[in-house]
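When we follow my numbering, the leftmost residue of the sequence shown carries the number 66, and every step to the right adds one. All residues carry an ideal CB built from backbone N, CA and C; glycine is no exception.
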Amino acid sequence: NDASCQSSAHQQYELQYWSYTHHDEKKPIVRPKYATLKQELLHNEHCALTEKQYYELIKTSVALQSSHGLVAKQIGRMNAMAQIEAGTFITLNHILAVKIYTDF
């Protein structure tokens, strides 16, 4: 019914990619399926990129990385959880992740 759909649609879920299970502190909850981000982008079953799309994505991401001095801010314990120290420059993989999320 509409009421149950509406209430479930408004529930909030938090994905904790850097958290660990309470049973084994060495095993992350989200495990990589591919060895590299490139392999995942080109071979995933949901929305694989073509080689041309991938290299265009790399080209624009490298341009963004070199033209903007984006650095991590101090945001408390989240820096440690993400293993990113405040003041470090954004990595190409992080730019790629944002571009993939926003562009595809």
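Bounding residues of the alpha helix (DSSP H) (the contiguous stretch that carries Y120): In the sequence shown, counting from the first residue as 1, residue 120 sits at position 55. Start and end: 116-132.
7 Å CB neighbourhood of A162 in its chain, flanking five on each side removed: Counted from its first residue, the sequence shown places residue 162 at position 97. Here the set comprises nothing.
Rounded C-alpha distance that separates A151 from G141: Numbered from its first residue, the sequence shown carries residue 151 at position 86. Numbered from its first residue, the sequence shown carries residue 141 at position 76. Take the alpha-carbon of A151 and the one of G141: they are about 9 Å apart.
The alpha helix (DSSP H) enclosing E150, as first and last residue numbers: In the sequence shown, counting from the first residue as 1, residue 150 sits at position 85. DSSP places E150 in no alpha helix (DSSP H); its state is neither H nor E.
Inter-residue CB distance, T153 and A128 (contact presumed, cutoff 8 Å): Your numbering for residue 153 matches position 88 in the sequence shown. Your numbering for residue 128 matches position 63 in the sequence shown. Actually they are not in contact, since the Cβ atoms of T153 and A128 sit about 20 Å apart, beyond 8 Å.
Per DSSP, cross-strand counterpart(s) of V95: Here residue 95 refers to the residue found at position 30 when the sequence shown is read from its first residue. DSSP lists no beta-bridge partner residue for V95.
Cβ neighbour criterion (16 or more within 10 Å) applied to S131: Locating residue 131 in the sequence shown gives position 66, counting from the first residue. Classification of S131: exposed, given that the 10 Å Cβ count is below 16.
K164 vs L122 beta-carbon contact at 8 Å: Stepping through the sequence shown from its first residue, residue 164 is reached at position 99. Stepping through the sequence shown from its first residue, residue 122 is reached at position 57. Result yes, Cβ atoms of K164 and L122 sit closer than 8 Å.
Q104, enclosing alpha helix (DSSP H) - first and last residue: By 1-based counting over the sequence shown, the position of residue 104 is 39. Residues 102-108.
Span separating the alpha-carbon of Y119 from that of K103: As a working note, residue 119 is residue 54 in the sequence shown. As a working note, residue 103 is residue 38 in the sequence shown. Computed Cα separation, rounded: 8 Å.
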